[in-house]
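Comments concern the structure below.
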Amino acid sequence: MTPGHGPELSTKQPEETLLNADDKPRYQSIADTVMYMASFLRYDIMYSSSQLCRAMTIPSKVHMAAVKHILRYLAGSTDFSIVYKQGGSKLTALSDSNWADNSDNSKS
């Protein structure tokens, strides 16, 4: 299971998929909590939580499904941890090269 969704989390969603006035504050509260957790406890969900927080003013059903997906990921990965070992370390870096797949700003 992965913590994120992908390019479908665009802030440009059809009008009929936007959350109603009852669900919008619920989404905002959950997304805010997920961002707090990403900032201080779970760095593995940082990118996903930042994508969710972009849609705070106009969340849709796709965003609500994504935030629920992250909550399920967190529930299933409570035993994940970062372990620092003393001695020689090998630094590994990864890069996301999706060649401007983001439909909001056409940036990677």
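Numbering (the numbering used here), first residue to last: 4 to 111.
The C-beta atom is built at its ideal place from N, Cα and C for all residues, glycine as well.
Considering only their Cβ atoms, is the gap separating residue j from residue i smaller than 8 Å?
i     : j     : result
Leu22 : Lys64 : yes
Cys56 : Ala34 : yes
Ala41 : Ser32 : no
Lys15 : Pro62 : no
Val37 : Ile73 : yes
Once DSSP output is grouped into helix, strand and coil, what is the label at residue i?
i     : result
Leu21 : strand
Ser51 : helix
Ser32 : helix
Ser42 : helix
Just the Cα atoms here: how many angstroms apart are residue i and residue j?
i     : j     : result
Met67 : Asp47 : 19 Å
Tyr87 : Tyr39 : 23 Å
Arg75 : Gln89 : 33 Å
Gly79 : Leu97 : 24 Å
Phe43 : Met49 : 10 Å
Thr60 : Thr81 : 30 Å
Thr95 : Gln54 : 24 Å
Lys93 : Ala69 : 33 Å
Glu18 : Lys71 : 21 Å
For my contact list, residue i and residue j are in at a C-beta cut-off of 8 Å; report their separation, rounded to the angstrom.
i     : j     : result
Arg29 : Leu77 : 17 Å between Cβ atoms; not a contact.
Closer than 7 Å: is that where the CB of residue i sits relative to any heavy atom of the ligand PLP?
i     : result
Met49 : No copy of the ligand PLP occurs in the structure displayed, which carries no ligand at all.
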